[in-house]
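Undergrad: Residue numbers (the numbering used here): 3 to 176.
1) Looking only at its own chain, which residues have a Cβ that is under 8 Å from the Cβ of residue 64, when we skip the five neighbours before and after it?
2) Determine the extent of the alpha helix (DSSP H) in which residue 66 is found, giving its start and end residues.
3) Using alpha carbons as the reference points, say which of 78, 153, 58 lies closest to residue 168.
4) Run through DSSP, which three-state label would residue 112 get?
5) Answer yes if the stretch 121-130 comes into contact with the stretch 138-147, meaning at least three C-beta pairs across the two stretches below 8 Å, and no otherwise.
6) Which residue or residues does DSSP assign as beta-bridge partners of residue 11?
7) Measure how close the beta-carbons of residue 91 and residue 41 come, nearest whole angstrom, since I'm counting them as under 8 Å.
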């Protein structure tokens, strides 16, 4: 799977309201041409919004970026041609004919890929806070939240044990 390491996320501009059709069309072309190793994934980012109409609660899926789809692919002449000439696609985001991939920070911010984190501490371990408002405080790990990349620790403040939530990047194990 060394090839997927080269794959980057690109933003594709589509006709408004055609995002899901573009996604389906690209996926169909990729399957028909056997390009699964070059065009890895197509995503139309959505969020769930709660609407209340006539006193009834209804969950609705809303597009975060209307008019855009995200494609994870290895940029080659053929993959560029396939995506660019898919029905409903008006072009890649970037100057002229040179698409610019999303940065690592943008990908993580959008939640397209989750970074796997291995933690070397357990509940009950002593930690030191390395940054933030509680810097240089010493605490004890109470809970570990891998999905949020944070811990809940008890820190001694003013002679009392106070629970605080800290990110993995704010602490170090003693």
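From the three backbone atoms N, C-alpha and C, an ideal C-beta is built for every residue, glycine too.
TA: Considering the structure as presented:
1) 48, 49, 50, 51
2) No alpha helix (DSSP H) holds residue 66; DSSP gives it neither H nor E.
3) 153
4) helix
5) yes
6) 74
7) That belief does not hold up - the Cβ atoms of residue 91 and residue 41 are roughly 13 Å apart, past 8 Å.
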